[in-house]
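Trainee: In our numbering, each residue's number is its place in the sequence shown (first place is 1) plus 1.
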Amino acid sequence: MARYIAVIHNWFMDSKGFNIIELNAADEKQADIEACAIAHKRNGDFNKTACVVLTVRDAETIAQRKLTWRERITGRAYK
């Protein structure tokens with residue numbers, strides 16, 4: 002069974018970054034509806050949002066690695 006993750010981009014006058022939310026959906030269509038509903042709630046007069054649904058298979062894992070000094074100081078992960 003696949004898992005679904007919604008990546009929601011939010012911006013006002015400039016980019017406010019990305020929010021990543023794990024969805025509780027059985028299929029991709031339901032995940033897309035759920036992601037659009039979350040993005041619609043955050044959408045406002047001047048605050049705009051866009052969303053993308055990503056499928057994560059059960060066999061996929063995140064590779065473990067140590068953080069760089071830059072990542073430790075800034076608190077953000079870079080590739």
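Here a beta-carbon is modelled for each residue, glycine too, at the ideal position from N, C-alpha and C.
1. Quick check on this structure: which residue in F19, I74, T69 and R58 has the alpha carbon closest to the alpha carbon of A3?
2. What three-state label does DSSP hand A7 in the structure shown?
3. At which residues does the alpha helix (DSSP H) containing A51 begin and terminate?
4. Just mark A64 as buried or exposed, buried being the case when its beta carbon has 16 or more other beta carbons within 10 Å.
5. Taking the alpha helix (DSSP H) that A36 belongs to, which residues open and close that run?
6. Which residue comes first and which comes last in the alpha helix (DSSP H) that contains T75?
Mentor: Well, looking at it:
1. Here residue 3 is taken as the residue at index 2 of the sequence shown, counted from 1. Of the listed residues, the one whose Cα sits closest to A3 is R58.
2. Here the question's residue 7 lines up with position 6 in the sequence shown. Reduced to three states, the DSSP call for A7 is strand.
3. In the sequence shown, the residue the question calls residue 51 occupies position 50. Unbroken run through A51 is the beta strand (DSSP E), K49 to V57; no alpha helix (DSSP H).
4. Within the sequence shown, the letter at position 63 stands for residue 64. The residue is exposed, with fewer than 16 neighbouring Cβ atoms inside 10 Å.
5. As a first step, residue 36 must be located in the sequence shown, where it is residue number 35. Segment E29 to R43, the alpha helix (DSSP H) holding A36.
6. Looking up residue 75 in the sequence shown gives position 74. Per DSSP, T75 belongs to the alpha helix (DSSP H) from W70 to T75.
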